[in-house]
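Shown next, in C-alpha cells, is the structure this report addresses.
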Amino acid sequence: MELPYAEPYKIKMVESIKRSTKNQRLKWIIKANYNLFNLSSENVFIDLLTDSGTGAMSDKQWAEMMIGDESYAGSSSFLKLKKVVKKITGYKYFLPTHQGRAAENVLFSALIKEGDIVPGNSHFDTTKGHIEFRKATAVDCTIDEAFDTSIIHPFKGNVDIDKLENVFKQHPKEKIPFVVLTITCNSAGGQPVSIKNIKEVSLLCKQYEIPLYFDAARFAENAYFIKKREKGYEDKTIKQIVKEVFSYGDGMTISAKKDGLVNMGGFIALNNKKVFKQATVFNIMFEGFITYGGMNGRDMGALAVGLNESTEFNYLESRVEQVAYLGQKLVDYGVPVQQPFGGHAIFLDANKFVPTIPREEFRAQALAVELYVVGGIRGVEIGTVLADRDPVTRENRYPELELVRLAIPRRTYTNNHMDYIAASLKNIYDSRNKAKNGYIITDEAPIMRHFTVKFDKI
Ligand code: F0G
C-alpha cells in the first residue's frame, strides 16, 4: 500500500485552545456586535483571521532567540540576518524594519513623489495605502482571469504585459518610480506569479528604464508553485528558484511575518546604492538605527533561521498542501470556494454560498459570523464591509466578489483541525437555504470601517 503523506515535523510544545458551546459563542458574538475583530482570541477555537505573525517557530528559531544580541549598533544577530538575506535574495543592501508596511513606508518615502504612478498586480491594502498617502496612484495590471473564481489558471497573480506597457506608454518614465510585483498576490487570493511572467515584466521594465521591486511577503510559497507548475523548474531547489526570481528585480520589501516564519519583522533589500542611502535616512527616522530598524536582536536571529527554513521544499510542501487539503475537502462537500487554491488561504464564495441573503445585508459577513457560531472558527470578510463606502457618494461599494478568507497559520494546526473546519462548513452549507437575513450596520468609522464596525442582526 502506498504510504500516506505525513508532516515533516513533530510537536515539542503545545498551546491549549478552548472549546466552547454554541450558546457561549452566541453570547460572545453579540457582545462583539457581530464583528469578529472584537472577539477575545481565547473565545476562538480555530483562528484563521490571518496567516501574518501567527505561525509556530521551530526549536532552532527559539534557540536563536536565547542568544539574541540586543546591542544598539552592530549586533551580531543583525550581521547573521544580513548574511542570510544576501544569500537568499542576492541583493547587496539590507535594512530591517518592524513589519511589512514599515518597509513600504521607508522605501516609498525615498522613491514616490506626488502625482506618480505605481503599476503592479493587485497591490496589497497597505502598499496601496502608502502609495495613495503620497498622492500617487496605484494602477492594477493583473490578468483578467484573476477576477473570475471559476477560471482555473496556474498563475492568477500574473501581470497582463499589455496593460503594463500601456501604462508605460501613457506616462513619462519620470512619473513611474517603480513597478511593484506582489508574490504571491494576496489580494487575488494568494495566487502565484510565474517566473516566465516575472521575466517578461523585468524585460519590459528594463526597456522602459523603470525599476522593479517585489512585495515578497509570500515569496517562498510563490517559488513552491513555480517548482510544481512551471516547466523547467521541477528539478531546481526552492532556494535556486528564489534567487532567480529576485535576480529579475532591483529590490524588495517584505513582511517577515509570513514567509520569514516570525511573529514580527520585515525588511528592505535592494541593489541601488543611492536608493539605499536615501532609505537609510528614513529608516533611522521612522524605525530605528540601521542595524535593528524596530526589531529586537533575538527576533532578527529567529528571522535568519526562519528564512532558511521557509525556503526548504519539505516545509513548503506541508504548508501549501495543508491549505489545499482543506480546499479539496470543501470542494468534495460541494462548498463553493475560489480555485485554484491559494498558497496561504482558502476563500469561500459567499455569492454562491448564501445568495438567499441580500447583498445589502452583508452576506459574506453573515457567513463569517455563522462559521464562528457553529464551529468557533474565525475567518475574515473580504466583501462589501471591507470595500467600504464611496468617498464621494457615501454609498456602500459592492465589489464583484463577496468572500470569506480562511487564512491558515504556518505549522500551527493539524489536519484534524482542517477536517473540523470542513465539517463545520458542510453543516452550514447543508442548511444554507434557511439563511434569509443578514445584518445592518449600527456604527462605523469614516474609513477602514471593517476593524471597528458594529452590526445588528436583522
Ligand atoms: N504585503 C502583503 C502582500 C501582505 O499580505 C501584507 C500583510 C503586507 C504587505 C503588510 O505587512 O502586516 O507586516 O505590515 N498582510 C496581512 C494579511 C495583514 O492578513 O494578509 P505587515
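Per the working numbering, the very first residue in the sequence shown carries number 400; after that it's consecutive.
Beta carbons are placed, not taken as given, at the ideal position from N, Cα and C, and that holds for glycine.
Rounded to the nearest whole angstrom, the CA to CA distance from L785 to F507 is 25 Å.
DSSP places F624 within a helical segment (H, G or I) once states are collapsed to three. CA-CA distance, F444 to L602, rounds to 48 Å.
In this structure, the straight-line span from the alpha carbon of R628 to that of V566 is close to 29 Å. When K638, T548, S474, F477 are compared, the shortest CA-CA separation from K486 is found for K638. Residue pairing by DSSP places G665 opposite T496, S654 in a beta bridge. Between ligand 1 and F523, a heavy atom-to-CB distance of less than 7 Å is present. Rounded to whole angstroms, the separation of the alpha carbons of G631 and G664 is 33 Å. Under the three-state reduction of DSSP output, K825 falls in the helix class. In this structure the stretch 685-702 does not lie against the stretch 756-772, because fewer than three pairs of beta carbons, one per stretch, are closer than 8 Å. Between ligand 1 and the CB of R500, the shortest heavy atom gap is smaller than 7 Å. When C-alpha distances from N695 are compared across I466, S415, H552, the shortest belongs to I466.
Here the alpha carbons of K411 and T541 stand approximately 42 Å from one another. For the set T792, I530, H529, R617, the Cα lying nearest the Cα of V661 is the one of R617. K833 sits in a helix when the DSSP states are folded into three classes. For R804, there is no enclosing alpha helix (DSSP H); the enclosing beta strand (DSSP E) has its first and last residue at 802-806. When DSSP states are grouped into helix, strand and coil, Q460 belongs to the helix group. Taking non-hydrogen atoms of ligand 1 into account, the C-beta of K656 is found less than 7 Å away from one of them.
Counted as a single uninterrupted DSSP element, the alpha helix (DSSP H) harbouring V784 occupies residues 783-786. By the criterion of a C-beta distance shorter than 8 Å, Y797 is surrounded in its chain by R758, T783, A786, once the five residues flanking it on both sides are discounted.
Between the alpha carbons of G473 and E564 lies a gap of roughly 43 Å. Collapsing the DSSP output to three states places D450 in coil.
Under the DSSP assignment, T488 falls in the alpha helix (DSSP H) whose first and last residues are 475-488.
Sixteen is the threshold: when 16 or more other Cβ atoms of the shown chains lie within 10 Å of the Cβ of L824, as they do, the residue is buried. In the three-state DSSP reduction, K728 falls in the helix class (H, G or I). In terms of side-chain proximity, the C-beta atom of T541 is found no nearer than 7 Å to any non-hydrogen atom of ligand 1.
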